[in-house]
Amino acid sequence: MNTHKCPTLEEFKEILKKHSLKATPQRLAVHEAMIELGHASADMVTEKIKAKETAKVTLASVYNILTHMAMLKVYSYRLSANNKMYFDVNTFKHIHLYDHENHIFKDVVDDDLIALIESHLMRKKIKGYKIEGVDIQIVAHPTKKKYLV
66 MNTHKCPTLE EFKEILKKHS LKATPQRLAV HEAMIELGHA SADMVTEKIK
116 AKETAKVTLA SVYNILTHMA MLKVYSYRLS ANNKMYFDVN TFKHIHLYDH
166 ENHIFKDVVD DDLIALIESH LMRKKIKGYK IEGVDIQIVA HPTKKKYLV
């Protein structure tokens, strides 16, 4: 699988099969919504599914599916400044730009910067800890309203 894109629907079905999970209409609808949204809270995914009428879902069922997929490392998750859980369909190494005014996450793919930071930190000794990885989040606000997604 390409490391700079999220799993396609077919790849998602294979992931479910590998974990002995059925490709239910609800799981497929959640993944389709996540592909479109990229970063989303359970309510955003629920709204998208209900608008498309692709499956019958509740907010609780969507949250459970998203959480289960995050536990299986299919999605990652982030907590926003408004204490809402946002799930990320992209699990490859990347930087997050977080718009704290609109509570929107955007991906910034910069492999060179990530490698530089990881290399630097791996050489550092932090007493009592072994660094496992780097998770970078840049907090920002929009400079012009036209840049909002």
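Numbering (the working numbering), first residue to last: 66 to 214.
Yeah, the Cβ is synthetic: ideal placement off N, Cα and C, and Gly gets one too.
Remember, predicted model here, so these are calculated numbers, not experimental data.
Excluding sequence positions up to five away, which residues of its chain have a Cβ less than 7 Å from the Cβ of Asp-108?
Looking up residue 108 in the sequence shown gives position 43. Cβ neighbours of Asp-108 beyond the five flanking positions: Leu-124.
Candidates Lys-121, Asp-175, Ala-88, Lys-192: which alpha carbon is nearest Thr-199's?
In the sequence shown, the residue the question calls residue 199 occupies position 134. The displayed chain sequence assigns Val, not Thr, to residue 199. Ranking the options by Cα distance to Val-199, first place goes to Asp-175.
By the three-class DSSP mapping on this structure, what secondary structure does Tyr-128 have?
Your numbering for residue 128 matches position 63 in the sequence shown. Helix.
Specify the secondary structure class of Asp-176 as computed by DSSP and reduced to three states.
If you number the sequence shown from 1, residue 176 lands on position 111. Of the three classes helix, strand and coil, the one that applies to Asp-176 here is helix, per DSSP.
Shortest alpha-carbon distance to His-165 belongs to which of Lys-195, Met-136, Lys-190, Gln-202?
As a first step, residue 165 must be located in the sequence shown, where it is residue number 100. Checked all of Lys-195, Met-136, Lys-190, Gln-202; the closest Cα to His-165 is Gln-202.
Helix, strand or coil for Asp-108, going by three-state DSSP, please let me know.
Here residue 108 refers to the residue found at position 43 of the sequence shown. Note: Asp-108 maps to helix in three-state DSSP.
Which of the three DSSP states is assigned to Phe-157 in this structure?
As a first step, residue 157 must be located in the sequence shown, where it is residue number 92. Reduced to three states, the DSSP call for Phe-157 is coil.
Member of Leu-178, Phe-77, Val-154, Asp-172 whose CA lies at the smallest distance from the CA of Leu-162
Taking the sequence shown and counting its residues from 1, the one referred to as residue 162 is at position 97. Ranked by Cα distance from Leu-162, the first of Leu-178, Phe-77, Val-154, Asp-172 is Asp-172.
Between which residues of its own chain and Ile-100 is the CB-CB distance below 7 Å, once the five residues before and five after are set aside?
In the sequence shown, counting from the first residue as 1, residue 100 sits at position 35. Correct list, in chain order: Cys-71, Val-154.
So, is Lys-138 buried or exposed, given that buried needs 16 or more other C-beta atoms within 10 angstroms?
Translated into the one-based positions of the sequence shown, residue 138 becomes position 73. Classified as exposed, Lys-138 has fewer than 16 neighbouring CB atoms from the shown chains inside 10 Å of its CB.
For my contact list, Val-122 and Gln-91 are in at a C-beta cut-off of 8 Å; report their separation, rounded to the angstrom.
Residue mapping note: residue 122 aligns to position 57 of the sequence shown, counting from 1. Residue mapping note: residue 91 aligns to position 26 of the sequence shown, counting from 1. With a Cβ gap of about 5 Å, Val-122 and Gln-91 count as contacting.
With a CB to CB cut of under 7 Å and the five nearest residues on each side skipped, what residues in its chain are close to Ala-135?
Along the sequence shown, read from residue 1 onward, the residue named residue 135 stands at position 70. Excluding positions up to five away in sequence, the list reads Ser-141, Tyr-142, Phe-152.
So for Ile-201, helix, strand or coil by DSSP?
As a position in the sequence shown, residue 201 is number 136, starting the count at 1. Of the three classes helix, strand and coil, the one that applies to Ile-201 here is coil, per DSSP.
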